[in-house]
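Q:
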Amino acid sequence: MSDTVSHFIRSMIETDRARGAHGGRVATRFPPEPNGYLHLGHAKSICLNFGMAHDFGGSCNLRFDDTNPSKEDIEYVNAIKDDVRWLGFEWANLLHASDYFEVFYLCGEKLIRQGQAYVCDLSADDVRAYRGTLTEPGRNSPFRDRDIDTNLELFRRMRAGEFEDGARTLRARIDMASPNINLRDPALYRIRKVRHQNTGDAWCIYPMYDYAHCISDAVEGITHSLCTLEFEDHRPLYDWCLDQLDIEHDLALTEPLRAKGLHMTPSRPRQTEFARGNLDYTVMSKRKLIALVQEGLVDGWNDPRMPTLSGARRRGFPSGAIRTFWERMGYSKQVATIEYSVLEGCVRDDLDSKASRRLAVLDPLPVTIANLPPDHCETLSFANHPKDPTKGTREVSFSPRLYIEREDFAEVPPKGFHRLVPGGEVRLRGVGIVRCDEVVKDSNGTVIELRVSLDASTRPGLPGAERKVKGTIHWVCAASAVPAEVRLYDRLFDVPNPDDDSDGKTYRDHLNPRSKIIVRGYLESSLRDVPIESRFQFERLGYFVADQFDHRMERLVFNRIVTLRDSYAKAEK
RNA sequence: UGGGGUGUCGCCAAGUUGGUAAGGCACGGGAUUUUGAUUCCCGCAUUCCUAGGUUCGAGUCCUAGCACCCCAGCCA
34 MSDTVSHFIR SMIETDRARG AHGGRVATRF PPEPNGYLHL GHAKSICLNF
84 GMAHDFGGSC NLRFDDTNPS KEDIEYVNAI KDDVRWLGFE WANLLHASDY
134 FEVFYLCGEK LIRQGQAYVC DLSADDVRAY RGTLTEPGRN SPFRDRDIDT
184 NLELFRRMRA GEFEDGARTL RARIDMASPN INLRDPALYR IRKVRHQNTG
234 DAWCIYPMYD YAHCISDAVE GITHSLCTLE FEDHRPLYDW CLDQLDIEHD
284 LALTEPLRAK GLHMTPSRPR QTEFARGNLD YTVMSKRKLI ALVQEGLVDG
334 WNDPRMPTLS GARRRGFPSG AIRTFWERMG YSKQVATIEY SVLEGCVRDD
384 LDSKASRRLA VLDPLPVTIA NLPPDHCETL SFANHPKDPT KGTREVSFSP
434 RLYIEREDFA EVPPKGFHRL VPGGEVRLRG VGIVRCDEVV KDSNGTVIEL
484 RVSLDASTRP GLPGAERKVK GTIHWVCAAS AVPAEVRLYD RLFDVPNPDD
534 DSDGKTYRDH LNPRSKIIVR GYLESSLRDV PIESRFQFER LGYFVADQFD
584 HRMERLVFNR IVTLRDSYAK AEK
């Protein structure tokens with residue numbers, strides 16, 4: 034499938050298997066919270082979790098971490114499923130943390146019975162005050178020593194809805210003096226009389242992430258729980274919960290699942306953290322992405338400039354390019370930001386071999402071949418790919434009235450210019466060599482037409498075609514070309530780190546005003562009828578995709594995915 | 001000032017029980033080319049955050065520093 038690059042997580046799994054841990058089994062999960070759209074950063078985690086499961090013949094679940102109904106919405110779960118599938122992955126099981134609500138409750142009772150959890154009546158503010166600070170220990174809650182029966186009774190009444198939102202919490206009884214704040218009697222359950230998108234009004238107490246996540250992993254038989262660095266100091270709590278609960282051997286805890294027909298073998302999973310994927314020239318935080326959308330700075334979540342997966346898809350990025358992108362970056366524990374050029378490189382790599390070539394002119398300059406009869410018309414055969422004959426050929430009509438790219442003509446050429454100049458020659462791709470005999474201008478001095486003569490001895494197939502000229506340019510037949518809206522996209526921000534506001538400027542001040550430019554171009558007629566999301570290389574211009582939503586046969590709309598590498602433009606700078 | 005992490009080429013990132021710095025991207029040069037694309041060669045860290053130390057030998061071990069990231073939600 035892909036080259037297997039070694040990294041610390043792969044090595045760890047190999048070691049575990051060699052040791053015979055989990056019987057050699059590998060089970061992972063991708064656990065998004067359905068409260069937003071997936072972005073490129075999530076893709077790194079998706080590729081890792083599904084990739085490890087795939088490489089070791091294991092399985093990967095898609096699990097919605099829906100433990101906070103006040104923030105989550107069903108709208109996102111479908112979008113997330115689409116994105117994961119589009120990325121090319123298939124989950125073994127589609128699950129929700131809310132599938133385990135009954136298990137979480139039983140676990141809560143078990144902790145209480147073991148004297149390891151208690152119902153606390155402190156308000157949120159009080160809890161904060163009792164927690165202490167980074168350098169000072171916290172103080173015990175006055176409710177910390179309630180007896181087991183009282184706790185059990187109170188917990189049952191919490192579930193029954195007898196108390197107001199926020200009135201009480203179930204807390205783990207660990208150590209208020211721990212240097213790790215996560216261990217200072219963390220809340221396990223809070224009261225929220227909110228309807229849940231999956232369980233409706235069945236519950237009014239909802240579990241906290243740390244508590245629900247480890248139990249969910251164990252219940253599903255996850256072997257390797259892979260997450261990002263910020264959860265590193267939550268790992269002691271992850272382990273604490275699982276060690277107290279011993280879900281593997283206490284079948285009573287998972288009985289409610291079997292009663293529902295959900296048969297899974299519990300495990301004792303281990304959490305491992307890796308650095309999240311950061312990309313330069315973009316922002317990835319949920320908050321900023323929402324702001325971009327809500328403030329109309331972009332055209333929605335799937336704006337082709339957005340780092341969301343739906344945006345990447347609409348932009349035309351092949352999902353395979355995104356997969357190789359994260360593979361190239363690798364997985365480590367160093368906080369790192371990868372360059373945007375790596376992503377572009379992956380996209381070009383993928384598309385170079387797969388995309389058929391086409392001719393298109395985006396900034397037309399009329400050209401007339403004066404030494405051909407005005408009514409001359411012929412059909413040329415072009416290879417769809419310069420080095421892949423299996424991609425076949427297509428017909429391209431040719432007549433004496435053409436459009437070339439305005440940029441491919443220069444009245445006063447800069448040094449090193451290889452294209453058309455007055456009196457100079459250039460090759461028209463697939464046609465032959467033409468000489469510029471006359472430059473026609475309007476009253477303002479703007480060039481409005483070029484009159485050229487074609488050297489008939491240089492037509493393809495003739496010996497004269499071997500003649501070398503410095504440049505070859507693309508063109509389109511004026512009579513048969515089809516007009517199209519072409520959206521030229523570029524990176525959304527014009528600074529590498531838009532998150533950096535140390536100079537008093539925010540990401541809003543760094544939006545690239547040229548990130549979206551809409552032009553009207555002319556395409557060779559074979560592009561008249563292509564399906565949405567089909568990708569092509571417009572020769573010498575870049576890779577383009579028929580827009581997923583706006584492209585229609587009556588109104589062609591193409592998005593520029595990425596330009597071709599351009600060593601000439603680069604050298605000019 | 002508490003705890004948890006991380007520091008290897010411009011950006012990522014490998015570096016086995018210490019044995020004398022992989023690879024990718026970017027970049028520079030050259031060759032091929034009817035896309036200034038692709039492809040193909042060649043080059044690109046006497047050096048691994050710093051300073052000491054151990055050793056015949058250290059990116060890898062020890063000591064002391066420095067820098068950066070994360071943590072005080074009844075968010076995930």
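Counting along the first sequence from 1, when you hit position 354 you're at 387 in the working numbering, and nothing is skipped either side.
Beta carbons are placed, not taken as given, at the ideal position from N, Cα and C, and that holds for glycine.
Please classify Cys237: is it buried, with 16 or more other beta-carbons within 10 angstroms of its beta-carbon, or exposed?
A: buried
Q: In chain order, what are the residue ranges of uninterrupted alpha helix (DSSP H) at least 4 long that sit wholly in the region 512-571?
A: none
Q: Pull up the distance between the alpha-carbon of Glu47 and that of Trp334, whole angstroms please.
A: 39 Å
Q: Have a look at Ala369 and Ala308 and give me their C-alpha separation to the nearest angstrom.
A: 7 Å
Q: How far does the alpha helix (DSSP H) with Asn82 in it reach, from first residue to last?
A: 73-88
Q: Taking all protein chains shown into account, decide if Met34 is buried (16 or more other Cβ within 10 angstroms of its Cβ) or exposed.
A: Below a pLDDT of 50, predicted positions are generally treated as unreliable, and Met34, at 34, falls in that range; the measurement from the model is reported next regardless. Burial call: exposed.
Q: For the candidate residues Thr298, Glu471, Arg146, whose alpha-carbon lies nearest to that of Val480?
A: Of the listed residues, the one whose Cα sits closest to Val480 is Glu471.
Q: Taking 6 Å as the limit between beta carbons, can you name the residues of its chain near His129, skipping five residues before and five after?
A: Phe97, Asp99, Asn231
Q: When the Cα atoms are used, what is the spatial distance from Asp178 to Tyr151?
A: 8 Å
Q: Below 7 Å CB to CB, which residues in the same chain sit around Asp234 once its five sequence neighbours on both sides are set aside?
A: Arg228
Q: What residue range is occupied by the uninterrupted beta strand (DSSP E) comprising Tyr436?
A: Run containing Tyr436: 434-438, per the beta strand (DSSP E) assignment.
Q: Quick one: give me the first and last residue of the alpha helix (DSSP H) that Pro269 is part of.
A: Pro269 -> alpha helix (DSSP H) spans 268-278.
Q: Rounded to whole angstroms, what's the CA-CA distance from Asn592 to Arg356? Just pull it up for me.
A: 21 Å
Q: Identify which residue in Lys538, Leu435, Ala512 has its Cα closest to the Cα of Leu487.
A: Leu435
Q: Secondary structure at Asp106, three-state DSSP: helix, strand or coil?
A: coil
Q: Can you list, in chain order, the residues of its chain whose CB lies under 7 Å from that of Thr202, leaving out five sequence neighbours each side?
A: Non-local C-beta neighbours of Thr202 in its own chain, meaning closer than 7 Å and more than five positions away in sequence, comprise Cys153, Ala220, Tyr222, Arg223, ordered along the chain.
Q: Tell me whether Ile594 sits in a helix, a strand or coil according to DSSP, three-state version.
A: strand
Q: Would you call the region 459-478 and the region 592-601 in contact, with 3 or more CB pairs under 8 Å?
A: no
Q: Is it the case that the Cβ atoms of Gly171 and Ala112 are separated by a distance below 8 Å?
A: no
Q: With a CB to CB cut of under 8 Å and the five nearest residues on each side skipped, what residues in its chain are close to Asp421?
A: Ser386
Q: Consult DSSP for Ser35 and reduce its assignment to one of helix, strand or coil.
A: Note that Ser35 scores a pLDDT of 41, beneath 50, so its modelled location is shaky and nothing firm can be said.
Q: Quick check: the region 357-364 against the region 131-138, are there 3 or more CB pairs under 8 Å?
A: no
Q: The alpha helix (DSSP H) that contains Gly353, what's its start and end?
A: 352-362 is the span of the alpha helix (DSSP H), which, as asked, contains Gly353.
Q: Just the C-alpha distance for Ser44 and Ala60, rounded to the nearest angstrom, thanks.
A: 16 Å
Q: If you draw a straight line from the alpha carbon of Ala54 to that of Thr298, how long is it in whole angstroms?
A: 15 Å
Q: Give me the Cα-Cα distance between Tyr314 and His75, rounded to the nearest whole angstrom.
A: 17 Å
Q: Would you call Gln304 buried or exposed, if buried means 16 or more other Cβ atoms sit within 10 Å of its Cβ?
A: buried
Q: Would you call His507 buried or exposed, if buried means 16 or more other Cβ atoms sit within 10 Å of its Cβ?
A: Buried, because 16 or more other Cβ atoms sit within 10 Å of the Cβ of His507.
Q: Consult DSSP for Lys319 and reduce its assignment to one of helix, strand or coil.
A: helix
Q: Can you find at least 3 beta carbon pairs, one from the region 482-498 and one from the region 526-539, that sit closer than 8 Å?
A: no
Q: Would you mind stating whether Pro376 and Arg568 have Cβ atoms separated by less than 8 Å?
A: It should be noted that the sequence gives Leu, not Pro, for residue 376. Going by C-beta atoms, Leu376 is not nearer than 8 Å to Arg568.
Q: Quick one: give me the first and last residue of the alpha helix (DSSP H) that Val252 is part of.
A: Counting along the chain, the alpha helix (DSSP H) containing Val252 begins and ends at 242-253.
Q: If I measure Cβ to Cβ from Lys549 and keep anything under 7 Å in the same chain, skipping five residues before and after, which residues do I get?
A: Arg338, Arg520, Tyr522
Q: With a CB to CB cut of under 6 Å and the five nearest residues on each side skipped, what residues in its chain are close to Asn173?
A: Met209
Q: My guess is that Arg204 and Asp182 are in contact by the Cβ rule of under 8 Å, so how many angstroms apart are they, rounded?
A: The Cβ separation is near 17 Å, so there is no contact.
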